[in-house]
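Residue numbering for the sequence shown follows my numbering, starting at 10 and increasing by one per position.
Structure, as structure tokens:
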Amino acid sequence: MPDDASGPALDPTLSEWLKARAETEHHLTERPAPIDAAWAQRLADLLTTERSWQDQYTELIALGSSGGRFPSSNR
């Protein structure tokens, strides 16, 4: 789906989503033993950020679909 010059752009949103995912992955690889509260809080924050970017990307994709809604999963 090409970006409309006057509308929202997909690429920056996808880039931020993937960046957030990479930050989450990096945090998971540095997991302390035992897990402490600060590490768990940072993971919660990272997952929330990642989910937010994912939701924004999905909403942008839905703008170009029939009915303006992203299809529900079959899973």
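Note that CB positions come from ideal geometry on N, CA and C, so glycine has one too.
Taking the alpha helix (DSSP H) that residue i falls in, what are its first and last residues?
| i | result |
| --- | --- |
| E34 | L19 to T38 |
| S61 | A46 to L72 |
Does the distance from the CB of residue i to the CB of residue j come in under 9 Å?
| i | j | result |
| --- | --- | --- |
| W62 | E39 | no |
| T58 | A31 | no |
Take residue i and list the residues in its own chain whose beta-carbon comes closer than 8 Å to its own, dropping the five residues that flank it on each side.
| i | result |
| --- | --- |
| S74 | P80 |
| E68 | F79 |
| G77 | A71 |
What residues in its chain sit with their C-beta under 7 Å from that of residue i, if we drop five residues either side in the sequence?
| i | result |
| --- | --- |
| H36 | R51, L52 and L55 |
Is residue i near the ligand COA, in the sense that its beta carbon is under 8 Å from a heavy atom of that ligand?
| i | result |
| --- | --- |
| S74 | No copy of the ligand COA occurs in the structure displayed, which carries no ligand at all. |
Give me, in chain order, the residues of the same chain whose beta-carbon lies closer than 6 Å to that of residue i; leave out the 5 immediate sequence neighbours on both sides.
| i | result |
| --- | --- |
| Q65 | T22 |
Is there a C-beta anywhere in chain C that falls below 9 Å from the one on residue i?
| i | result |
| --- | --- |
| T33 | Within the model displayed, chain C is absent; a lone protein chain is all it includes. |
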